[in-house]
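Undergrad: Our numbering numbers the first residue of the sequence shown as 30 and each following residue consecutively.
Ideal placement from N, C-alpha and C gives every residue a C-beta, glycine not left out.
Mind having a look at this structure? Questions to follow.
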Amino acid sequence: MSAKKKENKDSIFTSEFGRARIIEHYDRLLSKVEFEYKEYCVETSFGTTYILESGSDGNPPLLLLHGSTSNSAAWFSDIPELGKHYRVFAVDLIGDAGHSAKTRPDVRSDGYALWLAEVFERIGIRKASIMGNSLGAWIAIKFAVTFPEKVDKLVLLAASGIASLRVCWIFRLILFSLQGEKGAEKITQMVYGNDPIPQEVKDYLSLISENYRPYTGAIPVFPDAELRRLEMPILYIGGENDRLTNAPKCEMRLRKVLPHTDIVILKNRGHVIYNVLDRVMPFLCG
């Protein structure tokens, strides 16, 4: 009689076996990349943080912050081009589906900003540009309003925290997260919609959704006074069909509160923004 796997309800993963499957798949994807890189971990007071670094040491620094239910593999297709111009640091967020610590700071606190400040210190940079996706974009904004002197430029992809998240989407996410493999498929469909996604990517997302428990609480919306601290150049890219962050509403608020922001709304695109370096590179290198 086989032993039943014990499920730890307090963990962000359904089991250590599930986490190992996610990491094993990540390592397999990493073994196929064609760019030069080095991977290492730095220690912070919030826990161990994994970093994938690429590009020349003489290039200006650029931090990449992935979205929830993901890891730095989300940037593999972008790193080769970014690495030609920047010293790229793709960071696995703490408390998410990667190599970093399971610690998940309270989004109502300054925890994520303080964590990222420690990452800056550990990798030896004082100021950098940051590109973030979804939750990663929220963390980028949180860091920038807390430490504006440390941020050169901001690239925000489908950013949370600019407009209120659609409550019905959150309820569905919670419901589907309890439904195992079928629920994972529904979550993938909700996030990507009809966007053409490679099967390999869908398979990895399904694997993560099956074995990882995402944060399902409310993401705070930044008040006007905080957003107005962002005097650095900003590029916002959203999908017009984004069911989660409501890109059209984000555009309206940014034009009012941060009129210097460059805004791109992609037609027929959902929450996941990818293959947009043709928009990003002129902004970063300009």
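Whole beta strand (DSSP E) runs in the stretch 97–176 with 3 or more residues, listed along the chain?
TA: Fully enclosed beta strand (DSSP E) runs of 3 or longer: 116–120, 157–162.
Undergrad: Could you give the distance in angstroms between the alpha-carbon of Val301 and the alpha-carbon of Ser235?
TA: Within the sequence shown, residue 301 is the residue found at index 272, counting from 1. Within the sequence shown, residue 235 is the residue found at index 206, counting from 1. Roughly 15 Å between the two C-alpha positions.
Undergrad: Of all the options Leu81, Arg50, Pro227, which has the alpha carbon lying nearest to the alpha carbon of Phe64?
TA: Position 35 of the sequence shown, counted from the start, is the residue given in the question as residue 64. The candidate whose alpha carbon is nearest that of Phe64 is Leu81.
Undergrad: In terms of residue numbering, what span does the beta strand (DSSP E) encompassing Gly84 cover?
TA: To locate residue 84, count along the sequence shown from 1; it is residue 55. Note, Gly84: premise wrong, no beta strand (DSSP E); not H, not E.
Undergrad: Could you spell out the range, first to last residue, of the alpha helix (DSSP H) harbouring Glu322?
TA: Because the chain here runs from 30 to 315, residue 322 falls outside it and cannot be looked at.
Undergrad: By the three-class DSSP mapping on this structure, what secondary structure does Lys33 have?
TA: Translated into positions along the sequence shown, residue 33 becomes position 4. For Lys33, the pLDDT reaches just 32, beneath the cut-off of 50, and the residue's location in the model is therefore unreliable, although a value from the coordinates is still provided. Correct three-state label for Lys33: coil.
Undergrad: Candidates Val309, Ile123, Ser97: which alpha carbon is nearest Glu147's?
TA: As a working note, residue 147 is residue 118 in the sequence shown. Among Val309, Ile123, Ser97, the Cα nearest to that of Glu147 is on Ile123.
Undergrad: Should Pro90 go down as buried or exposed, given a rule of 16 or more other Cβ atoms within 10 Å for buried?
TA: Taking the first residue of the sequence shown as position 1, residue 90 is located at position 61. Pro90 is buried by the Cβ-count criterion.
Undergrad: Of the residues Pro109, Ser138, Ile292, which one's Cα is nearest the Cα of Val184?
TA: The residue you call residue 184 lines up with position 155 of the sequence shown. For Val184, the nearest C-alpha among the options comes from Ile292.
Undergrad: Whole angstroms are fine: how far does the CA of Ser44 sit from the CA of Pro311?
TA: For the purposes of this step, residue 311 is taken as residue 282 along the sequence shown, with counting starting at 1. For the purposes of this step, residue 44 is taken as residue 15 along the sequence shown, with counting starting at 1. Distance between the alpha carbons of Pro311 and Ser44 is about 43 Å.
Undergrad: Is the stretch 265–272 close to the stretch 228–247, with three or more CB pairs under 8 Å?
TA: No, the stretch 265–272 does not touch the stretch 228–247.
Undergrad: Would you mind giving the Cβ-Cβ distance between Trp144 and Ile248, rounded to the nearest angstrom? I have them listed as a contact below 8 Å.
TA: Indexing the sequence shown from 1 puts residue 144 at position 115. Indexing the sequence shown from 1 puts residue 248 at position 219. Incorrect: roughly 16 Å between the Cβ atoms, too far for contact.
Undergrad: Rounded to the nearest angstrom, how far is the Cβ of Phe251 from that of Gly190, given a contact under 8 Å?
TA: Numbered from 1 along the sequence shown, position 222 holds the residue referred to as residue 251. Numbered from 1 along the sequence shown, position 161 holds the residue referred to as residue 190. Sure, about 5 Å apart at Cβ, within 8 Å.
Undergrad: Could you check where the alpha helix (DSSP H) with Tyr233 kicks off and where it finishes?
TA: Your numbering for residue 233 matches position 204 in the sequence shown. 228–240 is the span of the alpha helix (DSSP H), which, as asked, contains Tyr233.
Undergrad: From the DSSP output, in three-state form, read off Val301 for me.
TA: The residue you call residue 301 lines up with position 272 of the sequence shown. Looking at Val301 - three-state DSSP - the assignment turns out to be coil, as it is neither helix nor strand.
Undergrad: DSSP beta-bridge partners for Lys67?
TA: Counting from 1 along the sequence shown, the entry for residue 67 is found at position 38. Lys67 is bridged to Glu82.
Undergrad: Going by beta carbon distance, what residues of the same chain come within less than 6 Å of Asp121, once the five residues before and after it are set aside?
TA: Working through the sequence shown from its first residue, we reach residue 121 at position 92. Taken in chain order, the residues that qualify are Tyr79, Asn100, Ser101, Gly127, His128, Ser129.
Undergrad: Does the beta-carbon distance from Asn162 to His114 come in below 8 Å?
TA: Mapped onto the sequence shown, residue 162 falls at position 133. Mapped onto the sequence shown, residue 114 falls at position 85. It is not a contact, given that the beta carbons lie outside the stated cut-off.
Undergrad: Helix, strand or coil for Lys296, going by three-state DSSP, please let me know.
TA: In the sequence shown, counting from the first residue as 1, residue 296 sits at position 267. Coil, per DSSP.
Undergrad: DSSP on Phe42, reduced to helix/strand/coil?
TA: Counting from one through the sequence shown, the residue named residue 42 turns up at place 13. Phe42 falls in the strand class under three-state DSSP.
Undergrad: Taking buried to mean at least 16 other C-beta atoms within 10 Å of its own C-beta, is Asp307 buried or exposed?
TA: For the purposes of this step, residue 307 is taken as residue 278 along the sequence shown, with counting starting at 1. Classification for Asp307: exposed.
Undergrad: Straight-line CA distance for Val117 to Lys182?
TA: In the sequence shown, counting from the first residue as 1, residue 117 sits at position 88. In the sequence shown, counting from the first residue as 1, residue 182 sits at position 153. Distance between the alpha carbons of Val117 and Lys182 is about 14 Å.
Undergrad: Starting from Lys278 and walking both ways along the alpha helix (DSSP H), at which residues does that stretch end?
TA: Here residue 278 refers to the residue found at position 249 when the sequence shown is read from its first residue. Run containing Lys278: 276–286, per the alpha helix (DSSP H) assignment.
Undergrad: Taking the alpha carbon of Arg50 as the point to measure from, which residue in Thr274, Ser193, Tyr241, Lys179 has its own alpha carbon closest?
TA: Position 21 of the sequence shown, counting from 1, holds the residue named residue 50. The shortest C-alpha separation from Arg50 is found at Tyr241.
Undergrad: Please go through the same chain and pick out, in chain order, the residues whose beta-carbon is closer than 6 Å to the beta-carbon of Ala119, but skip the five residues on each side of it.
TA: By 1-based counting over the sequence shown, the position of residue 119 is 90. Hits under 6 Å: Leu81, Leu93, Ser101, Trp104.
Undergrad: What is the rounded straight-line gap between the Cα of Pro109 and the Cα of His289?
TA: Translated into positions along the sequence shown, residue 109 becomes position 80. Translated into positions along the sequence shown, residue 289 becomes position 260. If you take the alpha carbons of Pro109 and His289, they lie about 29 Å apart.
Undergrad: Glu72 by DSSP, collapsed to three states: which one?
TA: Within the sequence shown, numbered from 1, the residue matching residue 72 stands at position 43. Of the three classes helix, strand and coil, the one that applies to Glu72 here is strand, per DSSP.
Undergrad: Assuming Pro90 is part of the beta strand (DSSP E), what are its boundary residues?
TA: Taking the first residue of the sequence shown as 1, we reach residue 90 at position 61. Counting along the chain, the beta strand (DSSP E) containing Pro90 begins and ends at 90–94.
Undergrad: Take the Cβ of Cys314 as the centre, count every other Cβ of all protein chains shown within 10 Å, and call the residue buried at 16 or more, exposed below.
TA: As a position in the sequence shown, residue 314 is number 285, starting the count at 1. Under this definition Cys314 is an exposed residue.
Undergrad: Sorted by chain position, which residues of the same chain lie with C-beta nearer than 6 Å to Met160's C-beta, five sequence neighbours on each side aside?
TA: The count along the sequence shown starts at 1 and reaches residue 160 at position 131. Once the five neighbours on either side are set aside, the close Cβ partners of Met160 are Leu93, Val184.
Undergrad: Evaluate Ala254 with the Cβ neighbour count: other Cβ atoms within 10 Å of its Cβ, from every protein chain shown; 16 or more gives buried, anything less gives exposed.
TA: Within the sequence shown, residue 254 is the residue found at index 225, counting from 1. Flag for Ala254 reads exposed.
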